[in-house]
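First up is the structure itself, then whatever we jot down about it.
Chains as they are written, first to last, in the numbering used here: chain A, 495 to 1025; chain B, 44 to 434.
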């Protein structure tokens, strides 16, 4: 049997996608919908990458890593038929509550803040003004997300591609159309820090704290770091709606998976790629860890840029490219704590169904900045910024016996923890999370039946995201658009012909958007490598 | 005794001999070393290169050792030629480029074995080499301050070496070998004529100088400076970093870099050897054509045209002279010049150099005819004869 197999010519596909995260699946589905034979190879035993369910107790499913869907790209959703009968995806819209230790929480719903009595927040007018201005500016950036970023390799004069030039012109034009006052303001705030930007108009409270926390979630930066207004705008520009997928994040993976399978994509799990084969400066296929060889006209990688380079071999990359990729900033700062609870915890002062909301623990912008400090020294934050959600309140389908899940994302947890990540360190992080939650929900400790803790290093191991980084790489101004993941590598094309980057590490970047995968597939088609 | 980082220019290992020989005291800064521009008289030194034999101290040259299992892979990743085709004990003239295919520098690569090379060049290259070697099993060592080197050039250089008891009769151009323990000789140079370069450790430097000097009188040996050598290299048609191309890592302005194709060195690129730095950009440029052409030109009259602008039909500015000199041997006014494509390539006629001449305070402007030259201005069969003739 073995001999017979060896005699068979290696299997051939039009394209191979490495990694069955949502971007890999989006890329595969996009290609397959154009009639190409596509194989997706996933190292883990299930698809979904960061968008997965994990069964913590029998019948109780937690969102293993990502727990909310912010930015699913409308173009991707439409093209892939996400949310249709063929790839069902029901999204439950969530409000945001920024918690205060005093119980004076702030509810932010449809861009308007209220207090717990349902009255308009005293700073509502100012908040709305800031929010609307940033959203307006963000629109300028958002329109770039379904396009390959413009190339500036040869300077402005060398942009010969009309479509590229048109894209840039459009941004410039839209910038001008905003009017002189707004244009000046846009350029003024673009590189400034969110801390000062917010506190120019707002007091330092849970309201400003929530925006500051949103600006830096997943980032290796506190709100006082330059460029954090930009990261918030970028997030808003790609859609700022907070939604909870029905059936958990696993439903997102399933929807992308179904969209791919329906289009004829073959998905193989437990298939770790050991090597991307390159002949005559062209990617020709992959070799699996098992030694199996699969040929293809194009190979798309959903991994981080450095791992993608190493799979093909550093010898296929120019020295400048290796320099940039070696120094690609991807220090993950996000940890995950999932708790199984015997019943719904009581948050002091939190009324009625507001426990369903996205709960932010960032009682002030200063709190967020302070929470960031220890990560610089490889230490755990004692008072962390937390984004928590109890998905089982909105969606009973993922639990049984009245048990609940509290899913918490802890910001500013170091990837390179001093002393390394051990079980004891995970215990310590768990304790910090519980202690912080206890401030707001005093009875929570007694309700805990089970806990799961994932450090940034664990997330890297599980998903291959470099540094366990939420966005596969810092979304700083130096690593977005024309520089994502790095200068001269921002066109999904990645070294040898037919080799492409299709994950969050490429433009437009992180969050569960699917745009990077879809854009990469479009670039593959445009380049004509599948012919 | 505490050690200090020296302030200002430092002396080469040969300086104790050069200093008393220097009449002109015309010193230059070469890579931080005191280096001779002229030792005595430019004309004496030039004619000594062409008719006798000369010693030029090339110790300031940057020298790097690339050693280890993957050394061949690393040098092939670095340079545009296929070093796999160069045998052990051979030297190769090499070019290396950035990712845009623009020249970083040129130099000579000495092959000890597939696991051991020495690269000599004008520009400091340590960090570039370290980054080129990332992911490979090699060590990069900067030998710039540990290896003393002399360039012995001229028709009688072979005879001089014989008199000094050094046998190099069977060495072909670009050969190199250890002739005695600790003394390596390569049949290389920058003059287009017969010549050798001698490499030894710093502590052996003065003994080597004395040995050559002692054997040199009969063969007209002179110590020379850079200026005489510069005339010879233009005669030989060799380009020089900082003159005929701007090493791209030092060019601040966009578009100042030049590819080997633009510099007329397409033959030095091997696209079939696998990936090397800048290959993809060069492949594109090979198809679309370079933006510029560096050419050898003959200029009418006898006034050196260094820096002159070049016009097409005496009207359109299409290039400039990068190195211009009166060639005493060929009795021609010669230069290297850069043209904007397609001038100098498909358009070669009706080209004029604009030369300004200062006649005792009164300026005169002349438009002088320019002819494109394909061969080196100075070529001599003796430079390649093996064994060389005694002369």
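We put the beta carbon where it would ideally sit given N, CA and C, even for glycine.
request  = Provide the residue span of the alpha helix (DSSP H) that contains residue 756 of chain A, from first to last.
outcome  = 743 to 756
ask   = Cα separation between residue 625 of chain A and residue 779 of chain A?
value = 47 Å
Residue 516 of chain A versus residue 566 of chain A - alpha carbon distance = 10 Å
ask   = Exposed or buried, residue 845 of chain A, counting other C-beta atoms within 10 Å across all chains shown (16 or more means buried)?
value = exposed
request  = Report the residue from B:78, B:46, B:66 whose alpha carbon sits nearest the alpha carbon of residue 54 of chain B.
outcome  = B:78
message = Here's the rule: buried if 16 or more other CB atoms are within 10 angstroms of the residue's CB, otherwise exposed. What is residue 596 of chain A?
response = Exposed.
message = Using a Cβ-Cβ cutoff of less than 7 Å, which residues in the same chain neighbour residue 59 of chain B once the five nearest sequence positions on both sides are dropped?
response = 249
ask   = Touch check for the segment 863 to 883 of chain A and the segment 972 to 989 of chain A: three-plus C-beta pairs under 8 Å?
value = Fewer than three beta-carbon pairs drawn from the segment 863 to 883 of chain A and the segment 972 to 989 of chain A are found closer than 8 Å, and the two stretches are therefore not classed as touching.
query = Considering only residues of the segment 520 to 574 of chain A, which uninterrupted beta strand (DSSP E) runs meet the minimum length of 3 residues and lie entirely inside it, listed in chain order?
reply = 532 to 535, 547 to 551, 554 to 557
request  = Give a yes or no on whether the C-beta atoms belonging to residue 162 of chain B and residue 149 of chain B are separated by under 8 Å.
outcome  = no
query = Using a Cβ-Cβ distance under 8 Å, would residue 654 of chain A count as near chain B?
reply = Reliability of the predicted coordinates at residue 654 of chain A is poor, the pLDDT of 49 falling under 50, and no value is obtained from them.
ask   = Taking Cβ to Cβ, would you say residue 382 of chain B is nearer than 8 Å to residue 338 of chain B?
value = Against a cut-off of 8 Å, the Cβ pair of residue 338 of chain B and residue 382 of chain B comes out as a contact.
key: Bridge partner(s) assigned by DSSP for residue 362 of chain B   = B:353, B:382
query = Are there 16 or more other CB atoms within 10 angstroms of the CB of residue 861 of chain A, so buried, or fewer, so exposed?
reply = buried
ask   = At least one CB of chain B closer than 8 Å to the CB of residue 982 of chain A: is that the case?
value = yes
inquiry  = Which residues in chain D have a C-beta closer than 9 Å to the C-beta of residue 177 of chain B? List them in chain order.
reply    = Reference to chain D is not applicable here, since the protein chains of this structure are A and B.
query = CB residue 905 of chain A to CB residue 999 of chain A, shorter than 8 Å?
reply = no
ask   = If you follow the alpha helix (DSSP H) that residue 119 of chain B is part of, which residue opens it and which one closes it?
value = 114 to 121 is the extent of the alpha helix (DSSP H) around residue 119 of chain B.
ask   = So, is residue 738 of chain A buried or exposed, given that buried needs 16 or more other C-beta atoms within 10 angstroms?
value = buried
inquiry  = With a threshold of 6 Å on Cβ separation, who are the neighbours of residue 216 of chain B within its own chain once the five nearest residues in sequence on each side are excluded?
reply    = 230, 427
inquiry  = For the alpha helix (DSSP H) containing residue 939 of chain A, name the first residue and the last one.
reply    = 938 to 941
query = Between the C-alpha atoms of residue 96 of chain B and residue 432 of chain B, what's the straight-line distance to the nearest angstrom?
reply = 14 Å
message = Can you tell me whether residue 134 of chain B is buried or exposed? The criterion is at least 16 other CB atoms within 10 Å of its CB, across all chains shown.
response = buried
query = CB-CB under 8 Å to residue 419 of chain B, same chain, minus the five flanking residues each way: which ones, in chain order?
reply = 235, 278, 279, 280, 339
Chain B residues whose Cβ lies nearer than 7 Å to that of residue 493 of chain A = A question about residue 493 of chain A goes unanswered here, because the residues of chain A that appear run from 495 up to 1025.
request  = Report, in whole angstroms, the separation of the C-beta atoms of residue 560 of chain A and residue 581 of chain A, which I expect to be a contact under 8 Å.
outcome  = Contact check for residue 560 of chain A and residue 581 of chain A: beta-carbon distance about 18 Å, past the 8 Å limit, so the pair fails to qualify.
ask   = Exposed or buried, which one is residue 224 of chain B when buried takes at least 16 other CB atoms within 10 Å?
value = exposed
task = Could you check what DSSP says for residue 858 of chain A in three-state terms: helix, strand or coil?
result = coil
query = Roughly how many angstroms lie between the CA atoms of residue 907 of chain A and residue 533 of chain A, to the nearest whole one?
reply = 36 Å
inquiry  = Threshold first: 3 residues or longer. Then list the beta strand (DSSP E) segments lying entirely within the segment 871 to 942 of chain A, N to C.
reply    = The qualifying runs are 880 to 883, 898 to 904.
message = Using a Cβ-Cβ cutoff of 9 Å, what residues of the segment 1002 to 1025 of chain A are near chain B? List them in chain order.
response = Result list empty, no residue passes.
task = Name the residue from A:705, A:630, A:686, A:623 whose alpha carbon lies nearest to the alpha carbon of residue 669 of chain A.
result = Nearest option by C-alpha distance: A:630.
Pairwise C-alpha distance: residue 591 of chain A and residue 711 of chain A = 16 Å
task = Look at the alpha carbon of residue 529 of chain A and the alpha carbon of residue 509 of chain A, and state the distance between them as a whole number of angstroms.
result = 11 Å
query = How many Å lie between residue 759 of chain A and residue 519 of chain A at the Cα?
reply = 9 Å
query = Out of A:676, A:856, A:632, which has the shortest C-alpha to C-alpha gap to residue 703 of chain A?
reply = A:856
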